[in-house]
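Enquirer:
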Amino acid sequence: MTSAIMLLGMVVFVLLMFYLVNWPDPDIRDMTWRLISATTSIFIAVLWFEAIRKLLALWVGDLLGPDWVLSLLIFLSVWSVQQAQLHFFMGQKLHMTALSTIGAHVSGFAAIHTFSEIQTEEPFKRNAFMNGVVAVIFALVWVFLAFVSKHIRRSIKHSEHFPKEEEHEWVEQCEESENDVLAICLGKLFCNASRFALLGKLHEKEILLCDACPPPRMRTVVLMFALGVFFMGLVFFANIFHNRVAKFEDNPRVKRFVKISLATFAFSMSWTLLFANQWLFKVWDVSSHIQSPVMKMLLVALFLGVSSM
Numbered sequence: 001m002t003s004a005i006m007l008l009g010m011v012v013f014v015l016l017m018f019y020l021v022n023w024p025d026p027d028i029r030d031m032t033w034r035l036i037s038a039t040t041s042i043f044i045a046v047l048w049f050e051a052i053r054k055l056l057a058l059w060v061g062d063l064l065g066p067d068w069v070l071s072l073l074i075f076l077s078v079w080s081v082q083q084a085q086l087h088f089f090m091g092q093k094l095h096m097t098a099l100s101t102i103g104a105h106v107s108g109f110a111a112i113h114t115f116s117e118i119q120t121e122e123p124f125k126r127n128a129f130m131n132g133v134v135a136v137i138f139a140l141v142w143v144f145l146a147f148v149s150k151h152i153r154r155s156i157k158h159s160e161h162f163p164k165e166e167e168h169e170w171v172e173q174c175e176e177s178e179n180d181v182l183a184i185c186l187g188k189l190f191c192n193a194s195r196f197a198l199l200g201k202l203h204e205k206e207i208l209l210c211d212a213c214p215p216p217r218m219r220t221v222v223l224m225f226a227l228g229v230f231f232m233g234l235v236f237f238a239n240i241f242h243n244r245v246a247k248f249e250d251n252p253r254v255k256r257f258v259k260i261s262l263a264t265f266a267f268s269m270s271w272t273l274l275f276a277n278q279w280l281f282k283v284w285d286v287s288s289h290i291q292s293p294v295m296k297m298l299l300v301a302l303f304l305g306v307s308s309m
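Here the UniProt record's numbering is used: the first residue of the sequence shown is 1, the next is one more, and so on.
#1: Ignore the nearest five residues each way along the sequence and tell me which others in V133's own chain have a CB closer than 7 Å to its CB.
#2: Would you identify the three-state DSSP class for D25, choosing helix, strand or coil?
#3: In three-state terms, what does DSSP make of M90?
#4: Label T101 either buried or exposed according to how many other C-beta atoms from any shown protein chain fall within 10 Å of its C-beta, with 16 as the threshold for buried.
#5: To the nearest angstrom, how far is it from the Cα of G187 to the Cα of A135?
#6: Hey, how far is the Cα of I118 from the Cα of D25?
#7: For M224, which residues in the same chain have their Cβ closer than 7 Å to its Cβ, ignoring the five residues on either side in sequence?
#8: Give a yes or no on whether the C-beta atoms belonging to Q261 and A246 are separated by under 8 Å.
#9: If contacts are defined as beta-carbon pairs under 8 Å, then S268 and F190 qualify, I think. What distance do you get, rounded to the angstrom?
#10: Look up D30 in the DSSP assignment and say whether it is helix, strand or coil.
#11: Quick one: Cα of R217 to Cα of V283, how far?
#12: Does DSSP put K150 in a helix, a strand or coil?
#13: Output the boundary residues of the alpha helix (DSSP H) element that contains G187.
#14: Would F115 be called buried (16 or more neighbouring beta carbons within 10 Å of its own) or exposed?
#15: Using the beta-carbon count (16 or more within 10 Å), is R219 buried or exposed?
#16: Could you compute how far the alpha carbon of E95 sits from the alpha carbon of E169?
#17: If V106 sits next to V141, beta carbons under 8 Å apart, how far is it from one beta carbon to the other, in whole angstroms?
#18: Of the choices I156, F281, E172, whose alpha-carbon is the least far from that of L99?
#19: Quick one, which of V12, F13, I156, A104 has its alpha-carbon nearest I184's?
#20: Helix, strand or coil: how does DSSP classify P252 here?
#21: Using the C-alpha atoms, what's the distance from L63 back to residue 333?
#22: Since I believe A45 is in contact with F109 (beta carbons under 8 Å), could you give me their beta-carbon distance rounded to a whole number of angstroms?
#23: Indicate the three-state DSSP secondary structure (helix, strand or coil) for L47 in the structure shown.
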């Protein structure tokens, strides 16, 4: 049954993509290709990170102690390698864009795994406030890495002479990648702290996939949805402010801050609504009739996809 639904779903998905990439409206075609690009990048990043993490865990996991130590090393390594690759491919815009997007997602997932694990350690698992402190710690780590990377780029620009346009594209791709890492991880950490505050305890397992976990109260589910709508409102206003800043503001730091805020609110909204829908399905007890974890998550994904249209 699961295989049949998956096969039919893939056929329908491919047909939908075929129609959308050939749609008469150029805006729909453009957004469809952007969606395909982002989705492919995320899937590649997840596979790369999980493959690297589990392979290294088999080799050196016992020597490093907690899981977050290995993930932190992967995060720092991928960050460094990506910065070097973007410099190596300077002037090749297509290569830089692909490396920037995929590298940012790999770094982002490594950061999520690192700091989400830290949220389950003492003293951060004591209450929701301490859980949220981890987000501040990550932001400080990111600021330090971005500061160091910026000064390395500046020294390279002074020692090597490249066309101004190539230098500008290189710096822009590096900063876009760094911004994505911050937004991806901060959104997840904010969501984790919010879940802690609403549930009153830290859940290390996904409630929908945990048969032994009791369903949350409907009031808690509604509050989680309300939080997602709140982040949606922040995305709306941040987007308006971002468009105004792009036209009238000359300070690059202000532009970057607004862009990061917009992306962080968007990822916070996405994570929050994802868990809100998982909780809703747990309350409805839909999952009790579906034993396959893949089918449970697929059902949530379909519901989210339809509701977001």
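All C-beta atoms in this analysis are idealised placements derived from N, C-alpha and C, irrespective of residue type, glycine included.
Expert: Checking against the coordinates, here is how it stands:
#1: Taken in chain order, the residues that qualify are F124.
#2: In the three-state DSSP reduction, D25 falls in the coil class, being neither helix nor strand.
#3: In the three-state scheme derived from DSSP, where H, G and I count as helix and E and B as strand, M90 is classed as coil.
#4: Buried is the call here.
#5: So the alpha carbons of these two residues sit roughly 9 Å apart.
#6: Between the alpha carbons of I118 and D25 lies a distance of about 46 Å.
#7: If we look at M224 and ignore the five residues flanking it on each side, its Cβ neighbours are L198, T272, F275, A276, W279.
#8: With the sequence shown as reference, residue 261 is identified as Ser, and Gln is not the correct amino acid for it. Between S261 and A246, the C-beta spacing is not below 8 Å.
#9: Indeed, because the Cβ distance is near 5 Å, the residues count as touching under 8 Å.
#10: Helix.
#11: If I take the Cα positions, the gap works out to 7 Å.
#12: K150: helix per DSSP, three-state reduction.
#13: If you look at G187, you'll find it in the alpha helix (DSSP H) that goes 164-199.
#14: Classification for F115: buried.
#15: Within a 10 Å sphere around the beta-carbon of R219 sit fewer than 16 other beta-carbons, which makes this residue exposed.
#16: Residue identity check: residue 95 is His in the sequence provided, not Glu. Cα atoms of H95 and E169: separation of roughly 12 Å, rounded to the nearest angstrom.
#17: Taking the Cβ atoms as the reference, V106 lies roughly 17 Å from V141, outside the contact range of under 8 Å.
#18: L99 has its Cα closest to that of E172, out of I156, F281, E172.
#19: Closest in C-alpha terms to I184, from the list V12, F13, I156, A104, comes A104.
#20: Looking at P252 - three-state DSSP - the assignment turns out to be helix.
#21: One cannot answer for residue 333 here, as it falls past the ends of the chain, which runs 1 to 309.
#22: Sure, about 6 Å apart at Cβ, within 8 Å.
#23: Correct three-state label for L47: helix.
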